[in-house]
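Student: Take this structure first; my questions come after.
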Amino acid sequence: MNGIVRPKGYNVSWHSNPDIEKHHFGHAHPMKPWRLTLAKGLIMSYGMHTAMDTYVSRMATREELEDFHSAEYMEYLKTAKVALPDDDNPKEFNLGSSDCPIFEGLFNYCSMYAGASIDAARKLCNEEADIAINWSGGLHHAKKAESSGFCYVNDIVLAILQLLRKHPRVLYIDIDVHHGDGVEEAFWSTDRVMTLSIHKYDGYQFFPGTGDLDRTGPDSEENPGAHHAINVPLADGIDDEQYVWLFKTIVGMCVDRFRPTAIVLQCGADSLAGDRLGRFNVQVQGHGACVAYCKSLNIPLLLVGGGGYTPRNVARAWAHETSIAIGCDANLNPIIPAHTPYRSHFRHDTIFPTLDQILGEPRPNKNPDKKIREIVASITEQLRFVNM
Ligand code: ZLM
Ligand code: CA
Ligand code: ZN
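The numbering used here numbers the first residue of the sequence shown as 1 and each following residue consecutively.
What follows is the structure, given as structure tokens:
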């Protein structure tokens, strides 16, 4: 079956729950949990599940959620009544907007994706996994007492808090096209977590409007979090060559200076070309190269999902990245297996649908190489202040 073998002495755990996929944010809402069904179908049709320890994730408990979130917010999230979104009268905790609607089963949905990330982090802590995966997580905008940008509970913060029980230093990396503001804010004042987000930034318009290069941590040098936030603001249309070079260069420098003992990689697939909300020209190959680079560091690695609004491309990327985690990417037949569920969704022209060919109008690249080098120079300077 496509040369899928369980790697010897190397464990990948996969955390998912089919109940998560059944939730709906509303008819026209860009966030479609159904993309997880498509990804899972692809992963399983290649037989990749046979090479991982698979777990049906449980719901996070109220106590676990309140490790980060306020009890008042969690109570409201649990009891909020389904209502039509109303942007003019945003309800408490920013709930009930068109970005963050209150839909049927909302609290269960949040508890399940959070439970999966917490379980995945624990597998790394007790060394039962070298890489742990939760494609339903990665919801990086949620705050302590506020929902934001399709995110209600911040599973990444909860997972990092688990890792910090055992690991002295955690590096958080975020390749979603949006700025990972919620995770950055949660660990703004600690030197035990370094946050690195690469994102589209135009100063004000593109959501969430934060993440400029000079936002590096608290201003006071006495604050341990100073210099531990890294932001890579980019313009539209960045391609694989620039993106992968930037990623490897900056992550390489962060690992050298910070010496993380665990890494969390948010693999938001809205940085891919052709995304409904994104602006970049990153391909499945380039996106996956970021995952491969993190794996090559041989540091316990948690992979979570995130954004991704062209479902067939999200499924392609996360299936490809699952194959990288288990080390069978080189043996995979790029032609999507005939028995893949919803295979017709992957077809975009006359040829057989493939895993790596995504559909999307290339956007003009507004990132001059000079700008890319200036970003690296600035971060090199910033990291001189980080000494572990
Ligand atoms: N309007 N419907 C990324 C989170 C991005 C804030 C502008 C809402 C949308 C978007 C919702 C069906 C992650 C903003 C947008 C229209 C205020 C955003 C519902 C279309 C629709 O058709 C839509 C009626 C909706 C939302 C577009 N929202 C596009 N961009 C961002 C949030 C989350 O990928 O980083 C991680 C999962 N919100 O720009 C507005 C300012 C609300
Ligand atoms: Ca990002
Ligand atoms: Zn995003």
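Backbone N, C-alpha and C fix where the C-beta goes; we use that ideal spot for every residue, glycine too.
Quick caveat, the model's predicted, so the values are computed rather than measured.
Where do the ends of the beta strand (DSSP E) carrying Ser-13 lie?
Tutor: Residues 12-16.
Student: Per the contact definition of three or more C-beta pairs closer than 8 Å, is the stretch 187-201 in contact with the stretch 226-244?
Tutor: Counting Cβ pairs under 8 Å, three or more are found: they touch.
Student: Starting from the Cα of Leu-36, find the closest Cα among Ala-317, Pro-362, Thr-354 and Asn-365 and give me that residue.
Tutor: If we check each option's Cα against that of Leu-36, Ala-317 comes out closest.
Student: Rank Gly-278, Thr-216 and Val-264 by C-alpha distance to the C-alpha of Ile-237 and give the top, closest one.
Tutor: In the sequence on display, residue 237 carries Gly and not Ile. Comparing Cα positions, the closest option is Gly-278.
Student: Have a look at Glu-381, Arg-347 and Ala-273 and flag the residue whose alpha-carbon is nearest the alpha-carbon of Arg-257.
Tutor: Selected option, being the one with the closest Cα: Glu-381.
Student: Assess, as a yes-or-no matter, whether the stretch 143-162 is touched by the stretch 324-332 under the definition of 3 or more beta carbon pairs within less than 8 Å.
Tutor: Because the criterion of three Cβ pairs below 8 Å is not met, the stretch 324-332 and the stretch 143-162 do not touch.
Student: Helix or strand or just coil, what does DSSP make of Asn-108?
Tutor: If DSSP states are grouped into helix, strand and coil, Asn-108 belongs with the helices.
Student: Using the Cα positions of Glu-64 and His-27, report the straight-line distance between them to the nearest angstrom.
Tutor: So the two alpha carbons sit approximately 31 Å from each other.
Student: Just to confirm my understanding: we take Thr-261, look at its own chain, exclude 5 residues before and 5 after, and list those with CB closer than 8 Å. What are they?
Tutor: His-167, Pro-168, Arg-169, Val-170, Ile-299 and Pro-300, listed in sequence order.
Student: Look up Ser-136 in the DSSP assignment and say whether it is helix, strand or coil.
Tutor: Looking at Ser-136 - three-state DSSP - the assignment turns out to be coil, as it is neither helix nor strand.
Student: Is any heavy atom of ligand 3 found at a distance shorter than 6 Å from the C-beta of Val-177?
Tutor: Because some heavy atom of ligand 3 lies under 6 Å away, the Cβ of Val-177 counts as near it: yes.
Student: Flag this pair as yes or no: are the beta carbons of Ile-375 and Val-232 separated by less than 7 Å?
Tutor: Cβ atoms of Ile-375 and Val-232: closer than 7 Å.
Student: Measure the alpha-carbon distance for Leu-95 versus Ile-102 and round it to whole angstroms.
Tutor: Looking at the two C-alpha atoms, the distance is approximately 7 Å.
Student: Quick one: give me the first and last residue of the alpha helix (DSSP H) that Asn-333 is part of.
Tutor: Note, Asn-333: premise wrong, no alpha helix (DSSP H); not H, not E.
Student: Look at Val-183 and Tyr-172 and say whether their C-beta atoms are less than 7 Å apart.
Tutor: Contact flag set, yes.
Student: Does the Cβ of Ser-117 lie closer than 6 Å to at least one heavy atom of ligand 4?
Tutor: In the structure shown, ligand 4 is absent; the only ligands present are ligand 1, ligand 2 and ligand 3.
Student: Between Lys-370, Pro-368, Val-386 and Ala-319, which lies nearest to Gly-41 when the distance is taken from Cα to Cα?
Tutor: Among Lys-370, Pro-368, Val-386 and Ala-319, the Cα nearest to that of Gly-41 is on Ala-319.
Student: What residue range does the alpha helix (DSSP H) around Met-253 cover?
Tutor: Element bounds for Met-253: 240-258.
Student: Considering only the alpha carbon of each residue, which of Met-52, His-29 and Leu-161 lies closest to Ser-98?
Tutor: It is His-29.
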